[in-house]
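First the structure, in the form of structure tokens, and then the observations on it.
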Amino acid sequence: MLEPSVTTAEHTYFGQPSEREKQLIIMKMPVFTEPDTDEVFVNNLSSPDHDDRLQAVTNIKNAVIGNKAKKSSFIRLDIIPKIIELLVQDDTGIEFVVESVVLLGSLARGSAENVQALLEAHSLEVFLKGICHSDARVVEASVRSLRTLYYSSLTPSGPIFENPSIVPQLVELLSSSLSNAEGAASILSKCCQGPAHQALLCNMGAVSALMPLLVCDIPKIQQPALQCYAAISFQNGAVSLAMKSATHQGERLIQIFTKLLSRDRPDEIQLGAAKWAIPAVENHSLLIKVLATAVRMCKWDKILTVRAEAAETLAFLIEEDTELQRTAAISDHLIRTLTGFLVKSDLDDSSYALMRESAFKALASVGANDEDIRKKVRASLVITKVSDLSCKIY
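For the sequence shown, the working numbering gives the first residue as 491, with consecutive numbering after it.
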């Protein structure tokens, strides 16, 4: 019969180590850790094997799509300059180029810091070169990534117009696949700033090239086309005149826009058509229709960005027309609706600032030439309990 075990502070007999000994054993054991998966993918980009590099960039692309944390993680591992360095090598295959451009475009959907990192690494130049590539897959990937990069206000518009081959290529892409056309229209609408840009786009045939996009009845294609028309014609009488004479399949551009003002169209399409129509329309009845659309888009059942944009559109429409100001003042409780923009409620600070600014502009235009209207505005401000803001409007 075995005797009971004898235990001391440092050892337990019959081969059983004490807790203290267990800890010492664990401390002396070598530690084996697997390398981080992200680092493995990045390191594989340096492989001499083409297939390994392609697999690595594909893995990274799949990891970052829809994952902001992964985007930041790979950027910290200097993935952007590594990818761009590989893109300029002579032996880089088309598949690697496509995957890389898609990856870089995905990184642009992250934070402002991500966009800044892409710009500092000259990704913009890579995308601009890509839209002029001979391979259609590279072109499409580059257009999409370039469009994404221009969603950020950090991206400069100058490079688009500095290279003489870029604008003609983008205008040509308006007549390409719907995907390319959507991207090109979006890019041009973001970059067109000022009379020189407007004149260049008009002379390059953008007015005619955009027309088929308006009649395709696909809202996500129509919207960037409308935005592009608005950018090209903004405060530019010569371009607006050219647009009035434009036709597509026997139908004038103004007729196409009138159809897009219909209530059965998505809100963004109606508003986009209204914004273009302001400088181009001379017919009074059509102006009233545009006014009614803008007023309707200000209502509480619309999303915040639509309401704010509608108020600014309304302000621009009526700012110099006394008759339209009076019509707006009695249209569908507009003044009460606009003063409601000045109530913060549960809005965050940036949304509230957007609503305030658009309301100030619209209310200032509504009462610009009529004291009776201004009195109504002040009365509405009192009712809404924001009377202290009246001095900022008049």
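Ideal placement from N, C-alpha and C gives every residue a C-beta, glycine not left out.
| query | result |
| --- | --- |
| So L743 and I768 are supposed to be a Cβ contact under 8 Å. How far apart are they, rounded? | So it is not a contact: roughly 14 Å between Cβ atoms. |
| Rounded to a whole number of angstroms, what is the C-alpha to C-alpha distance between L618 and I656? | 7 Å |
| Please report the Cβ distance between A546 and N534, rounded to the nearest whole angstrom; I am assuming they are in contact, meaning their Cβ atoms lie under 8 Å. | 4 Å |
| Can you tell me whether S821 is buried or exposed, with buried defined as 16 or more other CB within 10 angstroms of its CB? | buried |
| Does DSSP classify T737 as helix, strand or coil? | strand |
| Across which residues does DSSP place T742 in a beta bridge pair? | The question names Thr, yet the displayed sequence has Arg at residue 742. Answer is T737, bridged to R742. |
| Counting Cβ pairs closer than 8 Å, one from the segment 695 to 704 and one from the segment 641 to 656, do we hit at least three? | no |
| With distance defined between alpha-carbon atoms, name the residue in L636, I863, N773 nearest to T812. | I863 |
| What's the C-alpha gap between A577 and L609? | The sequence shown places Leu at residue 577, not Ala. Each residue's alpha carbon lies about 16 Å from the other. |
| Can we say the segment 574 to 594 touches the segment 630 to 640, given the rule of at least three CB pairs closer than 8 Å? | yes |
| With a floor of 4 residues, list each alpha helix (DSSP H) that falls wholly inside the segment 653 to 732, ordered by position along the chain. | 656 to 663, 668 to 681, 685 to 693, 696 to 704, 709 to 723 |
| Using the C-alpha atoms, what's the distance from S723 back to A736? | 13 Å |
| Since D757 and V785 are thought to touch, with beta carbons under 8 Å apart, how far apart are those beta carbons, to the nearest angstrom? | Actually they do not touch by this definition, with Cβ atoms about 13 Å apart. |
| Rounded to the nearest angstrom, how far is the Cβ of A852 from that of A801, given a contact under 8 Å? | 4 Å |
| Where I574 and E615 are concerned, what is the direct C-alpha to C-alpha distance, given to the nearest angstrom? | 10 Å |
| Taking the continuous alpha helix (DSSP H) assigned at P571, which residues delimit it? | 569 to 577 |
| Please determine, among H623, S596, S667, the residue with the shortest C-alpha to C-alpha distance to Y640. | S596 |
| Nearest CA to the CA of S601: which residue from G727, S643, D580, E741? | S643 |
| Does S537 come out as helix, strand or coil in the three-state DSSP assignment? | coil |
| Can you give me the start and stop residues for the alpha helix (DSSP H) that R846 sits inside? | 839 to 856 |
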